[in-house]
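This report refers to the structure that appears directly beneath it.
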Amino acid sequence: MSLFSFEMASNIEIAAPRGHVFSFVEMAKDWPKWSGVVVDVKAAPSIPWGVAEALSFRLRMAGRSIPFSVRVTDYQPGSRIAWRSTKLTITAVRTLTFVGDESCRVTDHKRFYSPVVPIGIYYPRSIIRNMTDRWLADLKRVAEERAPYT
Numbered sequence: 337m338s339l340f341s342f343e344m345a346s347n348i349e350i351a352a353p354r355g356h357v358f359s360f361v362e363m364a365k366d367w368p369k370w371s372g373v374v375v376d377v378k379a380a381p382s383i384p385w386g387v388a389e390a391l392s393f394r395l396r397m398a399g400r401s402i403p404f405s406v407r408v409t410d411y412q413p414g415s416r417i418a419w420r421s422t423k424l425t426i427t428a429v430r431t432l433t434f435v436g437d438e439s440c441r442v443t444d445h446k447r448f449y450s451p452v453v454p455i456g457i458y459y460p461r462s463i464i465r466n467m468t469d470r471w472l473a474d475l476k477r478v479a480e481e482r483a484p485y486t
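Counting from 1, position 144 in the sequence shown corresponds to residue 480 in my numbering; the numbering is continuous, with no gaps.
This is the structure:
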């Protein structure tokens, strides 16, 4: 692990069809309704998302509301969404992948790097891990509660 970069990945199994799970992430405007991590969403891509579209939101980090503006870098309906942002010379890349059919495994991969700023100053690893795990748990809860009957 470098002072100037780190990566982490978390995943969760969700007992709901992949397309159903993906739809909760794709409908970014609704994130605050089901996620305890997301304060609000100021701007969200239209569906289907397009590469280079903007997404602006505020997250709860260590008891504070922190704004983020990101650009979509990859969108594969039902299987993958990725975006990146740069703040205070720190670039963050987040990739969400969705695998499965009747049930879904969601992987949330994050990479942070900076040419000059030690990452831990602004993005403490433990806080990022807790936020990621909470977001995934919230996604699991809402997707399973609202899962279509088969």
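Note that the Cβ used here is the ideal one computed from N, Cα and C, for glycine as well.
Predicted, not measured: the structure shown is a model, and the values here were computed from it.
Would the segment 452 to 465 count as touching the segment 352 to 370 if we require 3 or more Cβ pairs under 8 angstroms? In short, these stretches do not touch, since the Cβ pair count stays below three.
Taking the alpha helix (DSSP H) that Phe358 falls in, what are its first and last residues? The continuous alpha helix (DSSP H) containing Phe358 extends over residues 354 to 362.
Does the segment 370 to 385 come within contact of the segment 444 to 455, defined as at least 3 CB pairs closer than 8 angstroms? Verdict: no, contact absent.
Extent of the continuous alpha helix (DSSP H) run through Pro403: Membership of Pro403 in any alpha helix (DSSP H) is not indicated; the residue belongs instead to the beta strand (DSSP E) covering 400 to 412.
By alpha-carbon positions, which one of Trp370, Leu395, Leu424, Gly456 ends up nearest to Met467? Ranked by Cα distance from Met467, the options Trp370, Leu395, Leu424, Gly456 are led by Leu395.
Beta strand (DSSP E) segment containing Leu395, residue limits: Taken as a continuous stretch (DSSP letters only), the beta strand (DSSP E) holding Leu395 covers 390 to 397.
Since Arg477 is in the alpha helix (DSSP H), which residue starts that stretch and which ends it? Counting along the chain, the alpha helix (DSSP H) containing Arg477 begins and ends at 461 to 481.
When the Cα atoms are used, what is the spatial distance from Val435 to Phe342? Cα to Cα, the separation comes out at about 24 angstroms.
DSSP beta-bridge partners for Thr427? DSSP lists Thr422, Tyr449 as the beta-bridge partner residues of Thr427.
Host alpha helix (DSSP H) of Lys369 (start-end): Per DSSP, the unbroken alpha helix (DSSP H) holding Lys369 starts and ends at 367 to 370.
Keeping to the same chain, check which residues put their C-beta closer than 8 angstroms to that of Pro368; ignore five residues upstream and five downstream. Contacts found: Val374, Val375, Asp376, Val377.
Taking Cβ positions, are Ser405 and Ser392 nearer each other than 8 angstroms? Closer than 8 angstroms, so yes.
Is it buried or exposed for Val442, if we count other Cβ within 10 angstroms and need 16 for buried? Under this definition Val442 is a buried residue.
If you draw a straight line from the C-alpha of Thr433 to the C-alpha of Pro451, how long is it? Their Cα atoms are separated by approximately 27 angstroms.
Measuring CB to CB, does Arg407 end up less than 8 angstroms from Trp419? Yes, the pair counts as a contact, with Cβ atoms nearer than the cut-off.
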